[in-house]
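In the UniProt record's numbering, the protein residues as written are 1 to 342.
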C-alpha cells in the first residue's frame, strides 16, 4: 500500500473513532502528516539522564524526630539568552502547583479522545527533583479494579502566559516511549477558550513507541469540511525514547491585526513554518501544556503495559527572541517546509 493510501486509511479510521462532529476537548492527534527528513544531532549533545527519577524523600523518618531542613535550590543552568523572561525554578523545594495548574480527572469522553488516564495533582504523577528537573509520571496498573487509579498521569498548564506578541518557547525533554503512551508538549489559549477555532499548537508529540515527532497546527475539527484547517509534519527521530530532545517554537505576530508567523525547530533544525491562521487568539494570551496521555483514539486502542513512564523536563523557558536572534528566525523561515494540509 502506498504512503498516501496508508494515510487516507488512517484518516478514515480516526474519523470513525471520533465522528464528524469533532470534540469539545482539545485534541492532540491527527491522521497523517508530511514527513520531514531528519538526521540525528552530533553525539554527546545532551548527557544521558538516569533511567528513573524518584519523588522527594518522605519527611520525618522517625516519630518525634524534627523535620529535615528543606533542600536548597541549586543554581539553574544559564541559558545564554539574555532575553529570557520566564525560567521556572525546577527544584524539589518548590511545589509544582506554584508554576502549573494541575488538571484533575478523566475529562469529557476521556479528554475528547477516549483516553484512559485520570490526571492527578499527586507527587506520584508530577514533581520537581533536587537536581533541577520537572518530572511527569504516568502509572499503569491494568489489574487495578478501580478505573480512577488504574491509569494515572499528569496534565500541567502553565500559570505563566506567553505575554508578548513575539517570542520563543524552548524546552529540552526526555519523552517516554511505549505502546499506549502519548506524551505531548504543546500550547493552547488561556481558559476559557473556544476549541478548535482559537487554535492549538503542538511542539513535541509522539505515541505508541513510534520514534517520530509530530509537529502540528490545528484550528478545525477532523472532518471533510475542516480538512484545510490542519498543518502537520512528521519528523523521524530514531533515538527519540533514549535521549533528550531540544524543541523550540517561535511566534511573531502583529498585535493589532493578528497576522504573523510560526516556526518550529527540533535540535536546532527548522522542521515546520506556517502563517498564523485567521481567528487565532492573540499569542500573548496562550499557555504552555505538558502531559502524558494513555490509550484512546490516537493510540489506536493500544493500552500501556504495567509500569511507570516518565517525561523529564531538563530546561524550559520563554524568551523575547529565539537563540540566535530574529536573524536566525528569518534564515530558518526560508529553510523550513510548510506543514501538510489535511
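Glycine included, each C-beta is placed from N, C-alpha and C at the ideal position.
Next item on the list: In angstroms with no decimal places, state the Cα-to-Cα distance between residue 267 and residue 145.
Entry: Here the alpha carbons of residue 145 and residue 267 stand approximately 42 Å from one another.
Margin query: So, with DSSP's three-state summary, where would you put residue 343?
Written below: Beyond the ends of the chain as shown, which are 1 and 342, falls residue 343; an answer cannot be given.
Check: What residues in its chain sit with their C-beta under 6 Å from that of residue 179, if we drop five residues either side in the sequence?
Finding: The residues are 208, 209, 302.
Notebook entry, point to check: If you run the structure through DSSP and keep just helix, strand and coil, what is residue 88?
Noted result: Residue state, collapsed to three classes: coil.
Note to self: For the structure I just gave you, are there three or more beta carbon pairs, one from the segment 212-226 and one from the segment 132-151, closer than 8 Å?
What the structure shows: Between the segment 212-226 and the segment 132-151, the count of C-beta pairs closer than 8 Å stays below three; the two stretches do not touch.
Check: Closest to residue 81 by CA distance: which of 342, 316, 228, 109 is it?
Finding: Residue nearest to residue 81 within the set 342, 316, 228, 109 is 316 (criterion: CA-CA distance).
Next item on the list: Let me know the secondary structure DSSP gives residue 240 once reduced to three states.
Entry: Under the three-state reduction of DSSP output, residue 240 falls in the helix class.
Next item on the list: Please state whether DSSP places residue 148 in a helix, a strand or coil.
Entry: Helix at residue 148.
Next item on the list: Decide if the segment 156-165 is in contact with the segment 282-293; the criterion is three or more beta carbon pairs, one per stretch, under 8 Å apart.
Entry: Pairwise C-beta distances place the segment 156-165 in contact with the segment 282-293, as three or more of them are shorter than 8 Å.
Notebook entry, point to check: Taking the C-alpha atoms as reference points, what is the distance between residue 297 and residue 281?
Noted result: CA-to-CA, the gap between residue 297 and residue 281 works out to about 27 Å.
Check: Ends of the beta strand (DSSP E) at residue 158?
Finding: From DSSP, the beta strand (DSSP E) with residue 158 extends over 155-161.
Checklist line | Cβ neighbour criterion (16 or more within 10 Å) applied to residue 252 | finding: Burial call: buried.
Note to self: Suppose you measure from the CA of residue 155 to the CA of residue 254; what does that come to, to the nearest Å?
What the structure shows: Looking at the two C-alpha atoms, the distance is approximately 31 Å.
Checklist line | DSSP-derived helix/strand/coil call for residue 311 | finding: It is a strand residue.
Next item on the list: Report the three-state DSSP secondary structure of residue 103 (helix, strand or coil).
Entry: Correct three-state label for residue 103: coil.
Margin query: If you measure between the beta carbons of residue 104 and residue 126, is that distance less than 8 Å?
Written below: The beta carbons of residue 104 and residue 126 sit no closer together than 8 Å.
Notebook entry, point to check: Quick one: is residue 97 buried, meaning 16 or more other Cβ sit within 10 Å of its Cβ, or exposed?
Noted result: The Cβ neighbour count for residue 97, taken over all protein chains shown within 10 Å, is under 16; the residue is labelled exposed.
Item checked: residue 73, DSSP secondary structure in three states -> Because the pLDDT at residue 73 is just 45, under 50, the model does not fix this residue reliably, and the point stays unresolved.
Item checked: Of the residues 117, 250, 191, 242, the one placed nearest residue 272, counting alpha carbons only -> With distances taken between CA atoms, residue 272 lies nearest to 250 out of 117, 250, 191, 242.
Margin query: For residue 150, which residues in the same chain have their Cβ closer than 7 Å to its Cβ, ignoring the five residues on either side in sequence?
Written below: Excluding residues within five positions, the ones whose Cβ falls inside 7 Å are 141, 142, 144.
Next item on the list: Using three-state DSSP, classify residue 295 as helix, strand or coil.
Entry: Assignment of residue 295 by DSSP, reduced to helix, strand and coil, places it in the coil class.
Notebook entry, point to check: Got a sec, what are the start and stop residues for the beta strand (DSSP E) residue 253 sits in?
Noted result: From DSSP, the beta strand (DSSP E) with residue 253 extends over 245-253.
Note to self: In the DSSP assignment, the beta strand (DSSP E) including residue 186 goes from what residue to what residue?
What the structure shows: From DSSP, the beta strand (DSSP E) with residue 186 extends over 181-189.
Check: Based on Cα-Cα distance, which residue from 86, 294, 332 lies nearest to residue 308?
Finding: Cα-wise, what sits closest to residue 308 is 294.
Notebook entry, point to check: Helix, strand or coil for residue 140 per DSSP?
Noted result: It is a strand residue.
Notebook entry, point to check: Rounded to the nearest angstrom, how far is the Cβ of residue 216 from that of residue 205, given a contact under 8 Å?
Noted result: The distance from the Cβ of residue 216 to that of residue 205 is about 7 Å, consistent with a contact at the 8 Å cut-off.
Note to self: In this structure, how does DSSP classify residue 329 when only helix, strand and coil are distinguished?
What the structure shows: Helix at residue 329.
Checklist line | Three-state secondary structure assigned by DSSP to residue 123 | finding: Coil at residue 123, not helix or strand.
Note to self: Taking a contact to mean a Cβ-Cβ separation below 8 Å, would you say residue 176 touches residue 310 in this structure?
What the structure shows: Residue 310 is positioned such that its CB atom lies closer than 8 Å to that of residue 176.
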